[in-house]
Amino acid sequence: MAIIHESATVRLTNGTADLRDAEGCFVTVDANGVPTLAAASATDPLGVVHVGGNGANGEPTDVILPNHGGIVGVKLHSTPGTVNPGTKLVLAGNGTVKAGTTGTHVATAVKSGVANELLEAYLVPPTTLG
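All letters in the sequence shown, in the order written, are residues 737 to 866 by our numbering.
Given below as structure tokens:
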């Protein structure tokens with residue numbers, strides 16, 4: 737039997753995390769399928785939250801996977817550094833990203849951005865830099 741998904745998204749239904757305010761944040765998923773916001777030290781985020789739900793209320797969370805071919809919103813950290821078009825974005829904690837040359841590269845900016853902004857970027861397969 738073949739499994740085919742028409743889009744690069746996955747719906748997560750396990751866990752009790754409230755990810756309703758996590759649009760643009762990266763998540764990791766444990767062996768039980770439970771999502772958590774990615775730590776700065778994470779090397780294997782599943783993807784970025786597109787529509788977050790409250791797991792405690794049975795609401796699903798939709799995650800965009802790195803092989804998505806379009807532009808997505810990613811949440812900048814409170815101290816993101818200088819972010820311009822073409823800047824590599826690495827995990828910065830709590831699922832957010834910042835400009836960086838070391839860490840886990842998860843996206844590349846297509847616009848300039850400032851602290852805590854939902855920034856337009858394209859996703860890349862997670863790669864350890866530096």
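Quick reminder that beta carbons are idealized off the backbone N, C-alpha and C, glycines included. Please read these numbers as outputs of a predicted model, since none were measured by experiment.
query, result
"Span separating the alpha-carbon of alanine 774 from that of alanine 738", "31 Å"
"The stretch 795-814 in contact with the stretch 769-786 per 3-pair CB rule at 8 Å", "yes"
"Residue environment, alanine 828, which counts as buried when at least 16 other CB atoms sit within 10 Å", "buried"
"Member of Thr864, Thr863, Val746 whose CA lies at the smallest distance from the CA of leucine 801", "Val746"
"Validate contact between the stretch 787-794 and the stretch 826-841 using beta carbons, cut 8 Å, 3 pairs", "no"
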